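Q: Protein sequences, first through last, are from chains Z and D. Residue 398 in the working numbering sits at position 398 of the first sequence, and the numbers go up by one each step. Residue 119 in the working numbering sits at position 119 of the second sequence, and the numbers go up by one each step. Sharing a structure with you now.
Protein chains: 2
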Amino acid sequence: MMMIVRNIPIFAIIMIGAIMFSPYKSIAQEQKAEATWIWYPGDYEIWLSNKMQARRTERGAFLPPLWRYYSPYALVTFKKDFELDEPDEITIATEGDFKLQLDGKLIHGRSKTLQVPSGKHSIVIKVYNQEAVPALYIQGNRLVTDHTWEVTFEDKEWIDETGKASDQSGTNWETVGSWNFDNAEEKPSLFKLETTPQYATSVKDAGKGQLIDFGKETFGYIRFHGLKGTGNISLYYGESEQEALDAEFCETLDELTFDGSQASEVTLENSMAFRYVQIQADQSIEYDSVSMLYEYLPVTYHGKFKSSDELLNEIWDVSAYTMHLNTREFFLDGIKRDRWIWSGDAYQSYLMNYYLFFDNESVKRTLLALRGKEPVASHLNTIMDYSLYWFIGIYDYYLFSGDEDFIKNFYPRMVSLMDFCLDRRNESGMMEGLPGDWIFIDWADGLSKEGEVSFEQLLLARSLEAMALSAEIAGDQEGKEKYQILADALRDKLFEVFWSEEKKALMHQRVDGEVLDTITRYANMFAIFFDYFSDEQKNAVKEHVLLNEEIQKITTPYMRFYELEALCAMGEQAFVLEEIRDYWGGMLDLGATSFWEKYDPQESGEEHLEMYGRPYGKSLCHAWGASPIYLFGKYYLGVKPTSPGYENYVIEPHLAGLEWMEGEVPTPFGNISLSISMAEIKVHSAGGQGTLTIKSKTKPISNTAEVVAMGEDVYELKITPETKHQITYTSFQ
Amino acid sequence: MMMIVRNIPIFAIIMIGAIMFSPYKSIAQEQKAEATWIWYPGDYEIWLSNKMQARRTERGAFLPPLWRYYSPYALVTFKKDFELDEPDEITIATEGDFKLQLDGKLIHGRSKTLQVPSGKHSIVIKVYNQEAVPALYIQGNRLVTDHTWEVTFEDKEWIDETGKASDQSGTNWETVGSWNFDNAEEKPSLFKLETTPQYATSVKDAGKGQLIDFGKETFGYIRFHGLKGTGNISLYYGESEQEALDAEFCETLDELTFDGSQASEVTLENSMAFRYVQIQADQSIEYDSVSMLYEYLPVTYHGKFKSSDELLNEIWDVSAYTMHLNTREFFLDGIKRDRWIWSGDAYQSYLMNYYLFFDNESVKRTLLALRGKEPVASHLNTIMDYSLYWFIGIYDYYLFSGDEDFIKNFYPRMVSLMDFCLDRRNESGMMEGLPGDWIFIDWADGLSKEGEVSFEQLLLARSLEAMALSAEIAGDQEGKEKYQILADALRDKLFEVFWSEEKKALMHQRVDGEVLDTITRYANMFAIFFDYFSDEQKNAVKEHVLLNEEIQKITTPYMRFYELEALCAMGEQAFVLEEIRDYWGGMLDLGATSFWEKYDPQESGEEHLEMYGRPYGKSLCHAWGASPIYLFGKYYLGVKPTSPGYENYVIEPHLAGLEWMEGEVPTPFGNISLSISMAEIKVHSAGGQGTLTIKSKTKPISNTAEVVAMGEDVYELKITPETKHQITYTSFQ
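Structure (structure tokens):
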């Protein structure tokens, strides 16, 4: 049985948009030797993220990020050595002025076409652009710009008195960056997200103006139709009705002035996040109606989930929508307020993305924007934990995508960030907060970040493991050994210092050489799914920490993500499902159309909207609120890769009390489709070697593969690609 | 006696230009608490130099520098703590979007004015601009943007869950950069050099078109008057008539197409260096006449020189004009071809500038543009010697200007460049060429740059002395000691390895542990004016190297600069004057209106125009050709500072056979005016304590100060400021 195609209007619109207007190519198309715009790796991502993150406003004030901005190189040199069987005519498009050398000879003039005779050649093109990113697009019958080109920001090409070029320039050539700008006219600097019209679901008079409701959380540009007259219009945006109606305290607003010369159709310049907008217009100005242009990244919903529980289905759908709203030029934290890229938030988006869009480009863009370039002078987003999530994000990206090129190309930037981290260790080899380091961990009342925090050491240990793995891929054998030794030593130290045999927990921190008598959930839950505990420790931690009501509770969806993951990793799917119903269901009960930055069931009324001491400070559409996507895919449908790029993977379904569930999990080969009931599992996979684990009271019967008993009531069978597997069994435990 | 004002048309035009149009302020005006545009230090210089250096073309092709471009920060934060006696209203102008916080509180909206109540305040303004340099201008009655503000590219200002800002951010605040943009409308990104019209001195038919002669080397934009019709016009520029007439090989050209819609007055977009231009127009297009807009930096000719020898006067005048043509947004190497900033060339411009414009801003701009920012990945201009000249340039800048602020503000960039250099030493503690290092020294046939070159070690030693001095000014006592020890050790090593007691010379190089049997002039002449030799060594080197015809001769004005300086430092002014008459006089005999990149009296005809294997490759207006300005001021008028900023200085005049000379030497206090004949010296100084040394057969008679005998025929007297000193004596030796 294959998935039923659900009919959710907004998704349908997006998918049509993607087909009709999108520059995105299918993998099959990408593999053709077509030309694409190329640039210095990471520079476009830096430039675009600088622009995007400067779009935050607070009550009309411009509010850029609090961390440093990196800059693209203004002058770069591209090159390629190639051989032609027959002559080629190439056309050259650049963003910026360019200098072209063919076989070491400068081509005079500024012609955009060039005849290249057959034979071996070397082409070198310098591009200068100080306003946007220097970029190059060459289209010939044979020669095209693609990922095989190299680039440098310093070609060190000098000449002697006779005009002869140096033959030992020491230039460091790197592989170019590119995305999906595959036409000469499609200049990278012109990139904009897609848009499609959306209309109000209700309009009513309110206070001094009108309150327009778009029916659900959305993002885009307000449009006026039939606008005439002169005067001012004020717009007060709200993720909640209360916020839109509160002209004095709403977080975002627009103040417009019209002199009568405007067109009758006006689309605002600023995109905003809102469900409601209150419009106050002078009497001297009129309009017929208000709509909006919804703005989005055209991505495909590869991942799917549906079950016998309609509440869970709604939670999955709203999670997917929340995730999509925050998946834009880059993975955002939230769409109303920050509109920034936070490494900790993005890390969760990467994971959710693997079970929804499987859009590697969004992961890579975000990793590159976060990392910036040299020199490293502070942690990513200034936060220590956020530097470390970046490494772990690459570790995971490799596991899910199998993309070795990304690691090979950016390994030097991994090394320099890790050097920065290692340089900040204390004499015990641990990282603690130095001036300029923000230790975040979580938003939690009274959470101490002083001294050596076990959670940070845990992230560092995993980051060092990511470095060892990446060093090997990048061919740095010495680095691999160095990082592995450091990782092992830190793991040992972590347990030596923080593990309490009495408390059955990793303690929270050590200050001035004394381990304090505090336990938090953070290090303990990460150590579970990092597999740092023995089975005995795991079970003890589950009882003494995870399920212990006396340990401070987690209130942010951000850390709920990991808490629930840890519980799932311990087989507590049934318990977690109840938690999901309560927590995410609780938000839906309060009318949420996207999931929030924080939810506390103890609060009531407008308390739910408040945060950071501001009445509407809380984001009601926050990426980290979408974690059910990840949990359902990985721990209920139960699909996860066990070797890079899903070459090998496992399926360990957990109905956890549901009658049935069905869904799809994307992989680099295509989707794995699953349909699971109390009596039957159907599986179809597009590639990779899978192992399905089934818990059954009796030996399951398969139409394809051999079923192997693995222990009491546990069976395995191999899932081969392009095969319709159908297994019947006796209902799960 | 004061200087006669000479009447040289081009200079007169410039000085009028400076008075009428220039934004440049007198020192007195600068000292007033007026508002000025501010930015992150060095970033404007980087941005402007990126633009300027990308204006080189070669036969219509774009030709940017071969070294790396740095980028400004796109997001910076300015701040100032201040106290107001009474309320102030400030107006805010920025280049880019801005965020304003007063006393920690975000000001909503985007108002360009703000009421600030009396009392203590802290103002913090973030500015974002990815196209140009983020810059800020605030004008209030009390609060203004000026050099007292601070700035950072990373303010690390984070908040906790309650919205409370961190109190240990570790932000590194630096002193802002500024220049002379003192009005809100005068935005730094709009900066352009001044222009003034110039007209042809002759027009004649030539080949397929017209040859226009502007009478002398010039720089600017060709203008067509009375242009009509449709079709193409080709312009072939020439520093020589031959070049302009050679459409096939001239170095620069313009190809224009007109569709008939053009205005009758058309000024070209590209500025070019030329004396001649050949114009070939289609028959379908007509124009009445051609003129040009001369483009220049408005600077004042503070330094002056005139003598009884008209040839020398012309050499000084043409040198000053050559220097002015190359003193633009930054100190250029040459105006026709490179239009780039080369550290070695610029180093000489700094020195010449101290005896002509005394324009500290041009020195600082050039030093900052050359240095760029972190991380250092290669030598300045990729050339090892050019990194080292940068340090020595700062050493000299401090001596002449006394500007400690510059060193304090940029000491960290000195340290990081020196770290780069020190990291590249070999196991003997010497620098030799590694892959990526260009060892330049000089354009000279067969000059070997292999192994350890004594000249490079000499520059490194001096650079280390500059670091020790700068460390002390910057308050880095540990650094001072470290650099002094390194400098002393390297000087010892230099003599231990390279000094040949047999040859009475520093040998040229050591390769694979063997000192080769080669002597060049470079290290030997620098060691003279660096005062690294004993008197005995100096005299021996003069005989065995400097005046030894068998040692390879120097043919570039670049190294002639130092050779003649070394001879002057040895008292060989009379000999050098003959050399100047021959060498620079030789160029004038060939019709030079500005001095050349290279001159070889042995060549003839068009050989003089050729270089780098190209018939017109040679620059006929090259900054390093202007060295007589420096030599006449420092070694004939004989004025040089002996403590920073001319607090103390010496005057050691050398008539060297001239009947008389008179001139002015600028200092931070104003000019030192001198009139010197065989019988009398008149001196007037605006500040500092001077010591005049006179060689006389009898004891000189002074109208002011006591004359003290210092040895046989040598007398000294003190020059006090604002005093008309007049000394009579018996003619010089």
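Glycine included, every Cβ here is placed at the ideal spot set by N, Cα and C. Note that the coordinates shown come from a computational prediction; the quantities given were computed from them, not determined experimentally.
Which chain C residues are close to Thr698(D), counting only those with a beta carbon under 8 angstroms from its beta carbon?
A: The chain inventory of the structure shown lacks chain C, comprising the protein chains Z and D.
Q: Rounding to the nearest angstrom, what Cα-Cα distance links Met779(Z) and Met52(D) in this structure?
A: For chain Z, the structure presents residues 1 to 733; residue 779(Z) sits outside this window and is missing.
Q: Heavy atom of the ligand GDP less than 6 angstroms from the Cβ of Asn313(D), yes or no?
A: Ligands in the displayed structure: none, and consequently the ligand GDP is not present.
Q: Name the chain Z residues whose beta carbon is nearer than 8 angstroms to that of Leu66(D)?
A: Those are Asp155, Lys156, Glu157, Trp158, listed as they occur along chain Z.
Q: Taking the alpha carbon of Pro87(Z) as the point to measure from, which residue in Gly140(Z), Leu48(Z), Gln101(Z) has its own alpha carbon closest?
A: Pro87(Z) has its Cα closest to that of Gly140(Z), out of Gly140(Z), Leu48(Z), Gln101(Z).
Q: What do you get for Asp155(D), buried or exposed, if any count of 16 or more other CB atoms within 10 angstroms of its CB means buried?
A: Buried is the call here.
Q: Which complete alpha helix (DSSP H) runs does the segment 539-599 of chain Z hold, if anything under 4 residues is left out?
A: As far as the segment 539-599 of chain Z is concerned, its whole alpha helix (DSSP H) runs of at least 4 residues are 557-569, 573-589.
Q: Taking CB distances under 7 angstroms as the criterion, tell me whether Leu235(Z) reaches chain D.
A: With 7 angstroms as the cut-off, Leu235(Z) does not count as an interface residue toward chain D.
Q: For a contact defined as C-beta to C-beta under 8 angstroms, what are the partners of Phe98(Z) on chain D?
A: Phe62, listed in chain order.
Q: Please return the same chain residues whose Cβ sits closer than 8 angstroms to the Cβ of Pro41(Z), not counting the five positions on each side in sequence.
A: Closer than 8 angstroms at the Cβ level, and outside the excluded window around Pro41(Z), lie Val151, Glu174, Thr175, Val176, Gly177, Leu368, Asn409, Phe410.
Q: Please work out which residues of its chain come closer than 8 angstroms, Cβ to Cβ, to Val576(Z), disregarding the five sequence neighbours upstream and downstream, and give them in chain order.
A: Closer than 8 angstroms at the Cβ level, and outside the excluded window around Val576(Z), lie Leu564, Leu567, Cys568, Leu631, Tyr635, Ala656.
Q: State the Cα-Cα distance for the pair Phe224(Z) and Leu293(Z), rounded to the nearest angstrom.
A: If I take the Cα positions, the gap works out to 11 angstroms.
Q: From the DSSP output, in three-state form, read off Val707(D) for me.
A: Looking at Val707(D) - three-state DSSP - the assignment turns out to be coil, as it is neither helix nor strand.
Q: Among the residues of its own chain, which have a CB less than 6 angstroms from the CB of Ile123(Z), if the five just before and after it don't count?
A: Lys80, Leu102, listed in sequence order.
Q: With contact counted as at least three CB pairs below 8 angstroms, one residue from each stretch, are the segment 387-396 of chain Z and the segment 62-75 of chain Z in contact?
A: Too few Cβ pairs lie closer than 8 angstroms, so no.
Q: Can you name the residues of chain D whose CB is closer than 7 angstroms to the CB of Ala74(Z)?
A: Neighbours of Ala74(Z) on chain D, chain order: Asn50, Tyr69, Ser71.
Q: Looking only at DSSP bridge pairs, what is Gly670(Z) linked to?
A: Looking at the DSSP assignment, Gly670(Z) forms a beta bridge with Thr667(Z).
Q: Using beta-carbon positions only, say whether Gly645(D) and Pro666(D) come within less than 7 angstroms of one another.
A: Their beta carbons are not under 7 angstroms apart, which means Gly645(D) does not touch Pro666(D) by this criterion.
Q: Going by C-alpha to C-alpha distance, which of Asp345(D), Cys250(D), Gly690(D) sits closest to Asp442(D)?
A: When only C-alpha atoms are compared, the closest one is Asp345(D).
Q: If you run the structure through DSSP and keep just helix, strand and coil, what is Val51(Z)?
A: Strictly speaking, residue 51(Z) in this sequence is Lys, with Val absent from that position. The answer is helix: DSSP assigns Lys51(Z) an H, G or I state.
Q: Between Trp37(D) and Pro188(D), is the Cβ-Cβ spacing less than 7 angstroms?
A: Going by C-beta atoms, Trp37(D) is nearer than 7 angstroms to Pro188(D).
Q: Kindly indicate if chain Z contains any beta-carbon less than 7 angstroms away from that of Tyr296(D).
A: Not closer than 7 angstroms to any Cβ of chain Z, the Cβ of Tyr296(D) fails to qualify, so no.
Q: Could you check the C-alpha separation between Gly238(Z) and Glu549(Z) for me, to the nearest Å?
A: If you take the alpha carbons of Gly238(Z) and Glu549(Z), they lie about 36 angstroms apart.
Q: To the nearest angstrom, report how far apart Gly209(Z) and Leu114(D) are at their CA atoms.
A: Whole-angstrom Cα-Cα distance: 30 angstroms.
Q: Starting from the beta carbon of Ile125(Z), find every residue of chain D whose beta carbon is closer than 7 angstroms, and list them in chain order.
A: Those within 7 angstroms of Ile125(Z) in chain D number zero; the least Cβ separation is about 11 angstroms.
Q: Assign Glu83(D) to one of three DSSP states: helix, strand, or coil.
A: Strand.
Q: For Ser702(Z), does the three-state DSSP call read helix, strand or coil?
A: Of the three classes helix, strand and coil, the one that applies to Ser702(Z) here is strand, per DSSP.
Q: Using only CA atoms, which one of Tyr350(Z), Glu465(Z), Glu603(Z), Trp47(Z) lies nearest to Tyr483(Z)?
A: Of the candidates Tyr350(Z), Glu465(Z), Glu603(Z), Trp47(Z), the one whose C-alpha sits nearest the C-alpha of Tyr483(Z) is Glu465(Z).
Q: Measuring CA to CA, which of His302(Z), Phe331(Z), Ala273(Z), Gly231(Z) is closest to Tyr221(Z)?
A: Of the listed residues, the one whose Cα sits closest to Tyr221(Z) is Ala273(Z).
Q: Short check: CB of Ile285(D) to CB of Gly231(D), under 7 angstroms?
A: A contact, by the Cβ cut-off of 7 angstroms.
Q: Look at Leu63(Z) and Arg55(Z) and say whether their C-beta atoms are less than 7 angstroms apart.
A: Cβ atoms of Leu63(Z) and Arg55(Z): not closer than 7 angstroms.
Q: For Ile528(Z), is the classification buried or exposed, using 16 other Cβ atoms within 10 angstroms of its Cβ as the cut-off for buried?
A: Classification of Ile528(Z): buried, given that the 10 Å Cβ count is 16 or more.
Q: Between Glu131(D) and chain Z, is any beta-carbon pair separated by less than 7 angstroms?
A: Answer yes: the Cβ-Cβ gap between Glu131(D) and chain Z drops below 7 angstroms somewhere.
Q: Report the residue ranges of all alpha helix (DSSP H) runs contained in full by the segment 376-464 of chain Z; include only those spanning at least 4 residues, in chain order.
A: Entirely contained in the segment 376-464 of chain Z, the alpha helix (DSSP H) runs reaching 4 residues are, in chain order, 384-401, 404-423.
Q: Considering only residues of the segment 291-370 of chain Z, which uninterrupted beta strand (DSSP E) runs meet the minimum length of 3 residues and lie entirely inside it, listed in chain order?
A: Runs of the beta strand (DSSP E) inside the segment 291-370 of chain Z: 304-307.
Q: What are the boundary residues of the alpha helix (DSSP H) that Asn524(D) is part of?
A: Looking at the DSSP string, the run of the alpha helix (DSSP H) that includes Asn524(D) is 521-529.
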